[in-house]
Amino acid sequence: MSQPNVYRLNSKEVSKATEQWLMKRGVNKEQIGQLVMLLQKDYFPELTLAECVLNVESVLSKREVQNAVLTGIQLDMLAEEGKLLPPLQDMISYDEGLYGCDEILALSIVNVYGSIGFTNFGYIDKLKPGVLKKLNDKNSGEIHTFLDDIVGAIAAAASSRIAHRKQAEREAVEEALQEGAK
Ligand SMILES: [Mg+2]
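Residues in the sequence shown are numbered consecutively from 1, following the UniProt record's numbering.
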């Protein structure tokens, strides 16, 4: 007999919902890829946008990341609908400077890829380029208090992933050369 009350997680649905909700809230993977490009192009001049987008996709495939995206977007939407409890409603609506839970939630994304991610996250949060500028527009009528940090964190995490992988590639090439010289 089936047990109707047993909760079963459907990972594919979580992943699909993450992508769909990002799109519905005005963010696509190319825009996040462009942020990655901005963060990494000075270090890796041969880096392409397609490579950046692939790394964004890889970050987005992690459950910790999907959880943060869905939670943040949900809180932004509840704030837009005026459904949060006071005084939280106003703190999130006005993106109150001393309310830091948006950054903390985003750090759960950066955490997955180590310390380079932290530096990039802080940098891009100050600069607010590209899609982050749009998300931060306080005159749009939309609230993206959580999503702006989350998008910055995804870009920072993808940058960190690229940095680690490129270093590993360089080392592999150097090792092969040394082996060849023996
Ligand atoms: Mg924020």
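Glycine included, each C-beta is placed from N, C-alpha and C at the ideal position.
Values in this document were obtained by computation on a predicted structure and should not be read as measured data.
Outcome for residue i when other beta-carbon atoms lying within 10 angstroms are tallied against a minimum of 16
i: Ala158; result: buried
i: Thr145; result: buried
i: Leu98; result: exposed
i: Ile104; result: exposed
i: Ser160; result: buried
i: Asp90; result: exposed
i: Tyr113; result: buried
i: Asp42; result: exposed
i: Leu147; result: buried
i: Asn120; result: buried
i: Gln40; result: buried
i: Gly117; result: buried
For residue j and residue i, believed in contact at Cβ under 8 Å, the rounded distance
i: Ile32; j: Val151; result: 6 Å
i: Asp125; j: Asp95; result: Incorrect: roughly 13 Å between the Cβ atoms, too far for contact.
i: Ala30; j: Val53; result: Looking at the sequence shown, residue 30 is not Ala but Glu. With a Cβ gap of about 6 Å, Glu30 and Val53 count as contacting.
i: residue 183; j: Pro129; result: Absent from the model: residue 183. The displayed extent of the chain is 1 to 182, so no value can be given.
From the options, residue whose alpha carbon lies closest to that of residue i
i: Asp76; options: Ile92, Gln66, Asn5; result: Ile92
i: Leu135; options: Asn28, Ser58, Pro45; result: Asn28
i: Lys138; options: Leu22, Glu80, Asn5; result: Glu80
i: Ala156; options: Glu142, Gln167, Leu38; result: Leu38
i: Leu132; options: Gly117, Gly82, Gln40, Arg25; result: Arg25
i: Val56; options: Glu175, Leu22, Leu84; result: Leu22
i: Ala163; options: Lys182, Glu46, Asn10; result: Glu46
i: Ser11; options: Glu64, Phe44, Lys182, Leu49; result: Glu64
i: Ala153; options: Arg170, Glu169, Val69; result: Val69
i: Val14; options: Tyr7, Leu49, Ser61; result: Ser61
i: Ile109; options: Ala172, Ala168, Lys166, Ser58; result: Ser58
i: Asn67; options: Ala168, Ala106, Leu85, Ser140; result: Ala106
i: Ile143; options: Lys83, Arg170, Glu169; result: Lys83
i: Glu51; options: Arg165, Cys101, Leu85; result: Arg165
i: Phe44; options: Arg170, Asp102, Ala181; result: Arg170
i: Asp102; options: Ala168, Thr71, Pro87; result: Thr71
Tell me the start and end of each unbroken alpha helix (DSSP H) in the UniProt domain "YutG/PgpA" (49–163) that is at least 4 residues and wholly inside, in chain order. Listed in chain order, they are 49–60, 63–80, 88–93, 101–110, 115–127, 131–135.
Could I get the ranges of all uninterrupted alpha helix (DSSP H) runs contained in the stretch 4–29, with 4 residues as the minimum, in chain order? Secondary structure within the stretch 4–29: the alpha helix (DSSP H) runs of 4 or more consecutive residues, fully enclosed, are 11–24 (chain order).
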